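In this text, residue positions in the sequence shown follow this note's numbering: the first is 48, and each later residue adds one.
First up is the structure itself, then whatever we jot down about it.
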Amino acid sequence: MNNNIMVKKNFFWVFTFLIIVSLSSCGKEKSEKPKISDKKSFPDQAIENFTLTHTNQGEKEWELEADRAEIYKKEGRTIVQKLKIRFYDQGKITSILTAREGELRSPSGDMEVRGDVVVISEKEGITLKTESLKWDTQRKKIVTDGFVRQEKGDTIITGQGLESDPELEKIVIKKNVKVIHKSP
Numbered sequence: 048m049n050n051n052i053m054v055k056k057n058f059f060w061v062f063t064f065l066i067i068v069s070l071s072s073c074g075k076e077k078s079e080k081p082k083i084s085d086k087k088s089f090p091d092q093a094i095e096n097f098t099l100t101h102t103n104q105g106e107k108e109w110e111l112e113a114d115r116a117e118i119y120k121k122e123g124r125t126i127v128q129k130l131k132i133r134f135y136d137q138g139k140i141t142s143i144l145t146a147r148e149g150e151l152r153s154p155s156g157d158m159e160v161r162g163d164v165v166v167i168s169e170k171e172g173i174t175l176k177t178e179s180l181k182w183d184t185q186r187k188k189i190v191t192d193g194f195v196r197q198e199k200g201d202t203i204i205t206g207q208g209l210e211s212d213p214e215l216e217k218i219v220i221k222k223n224v225k226v227i228h229k230s231p
């Protein structure tokens with residue numbers, strides 16, 4: 048009989064404990080708010096058919112057109128998709144750059160473009176192809192550390208890394224330079 052009383056007491060305490068636990072969880076549910084990650088920011092503005100012109104002392108230096116732009120004001124950057132940039136000298140187009148995407152940094156005007164990058168020099172008749180390029184506004188230079196291919200007439204020059212003016216008049220390919228001359 049003592050054993051029977053002990054089992055009933057243990058059962059009573061276990062049963063009481065389970066009821067207390069289940070009742071305490073029946074209060075107001077706290078819904079967790081979704082957390083917004085600090086790592087991924089959202090644009091302040093998104094613009095379709097975006098155009099931006101950069102001038103220096105009233106003279107147009109370049110004009111950017113893009114299918115879409117996302118502007119991040121606090122970060123001072125603009126992300127653009129499917130872009131075309133026209134570089135100017137004394138009001139005339141000197142070269143045209145196209146790429147899949149790019150990032151423009153303000154207020155410097157520096158930019159980086161990526162994906163199927165092509166620069167065509169109107170003046171020199173040179174086509175430059177690479178996967179990424181950076182535009183340094185202060186130095187007025189196009190630079191990359193990546194693989195480049197330059198074509199002019201029957202001559203193809205490839206190499207690693209490049210520094211050039213926007214007109215592609217003064218091109219320096221940094222290393223692994225190969226020249227191919229196609230005969231007619």
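Here a beta-carbon is modelled for each residue, glycine too, at the ideal position from N, C-alpha and C.
Bear in mind that the values here come from a model prediction, so they are computed numbers and not experimental data.
{"Item": "Coil, strand or helix - residue 97 by DSSP", "Value": "strand"}
{"Item": "Residue(s) in a DSSP beta bridge with residue 168", "Value": "142"}
{"Item": "Beta-carbon separation (whole angstroms), residue 165 vs residue 174, contact threshold 8 Å", "Value": "7 Å"}
{"Item": "Where residue 191 sits in the DSSP three-state scheme", "Value": "strand"}
{"Item": "Simplified DSSP assignment, three categories, for residue 149", "Value": "strand"}
{"Item": "The stretch 194–205 touching the stretch 217–225, judged by at least three CB pairs closer than 8 Å", "Value": "yes"}
{"Item": "CA nearest to the CA of residue 212, picked from 92, 120 and 185", "Value": "185"}
{"Item": "Coil, strand or helix - residue 108 by DSSP", "Value": "strand"}
{"Item": "Neighbour-count burial assignment, residue 168, 16 or more Cβ in a 10 Å radius", "Value": "buried"}
{"Item": "Exposed unless 16 or more other CB atoms sit within 10 angstroms - verdict on residue 191", "Value": "buried"}
{"Item": "Exposure of residue 234, with buried meaning 16 or more beta-carbon neighbours within 10 Å", "Value": "Residue 234 lies beyond the residue range present for the chain, which begins at 48 and ends at 231; the question has no answer from this structure."}
{"Item": "Segment contact flag, the stretch 109–116 with the stretch 88–99, C-beta cutoff 8 Å, min 3 pairs", "Value": "yes"}
{"Item": "Three-way DSSP call (helix, strand, coil) for residue 214 in this model", "Value": "coil"}
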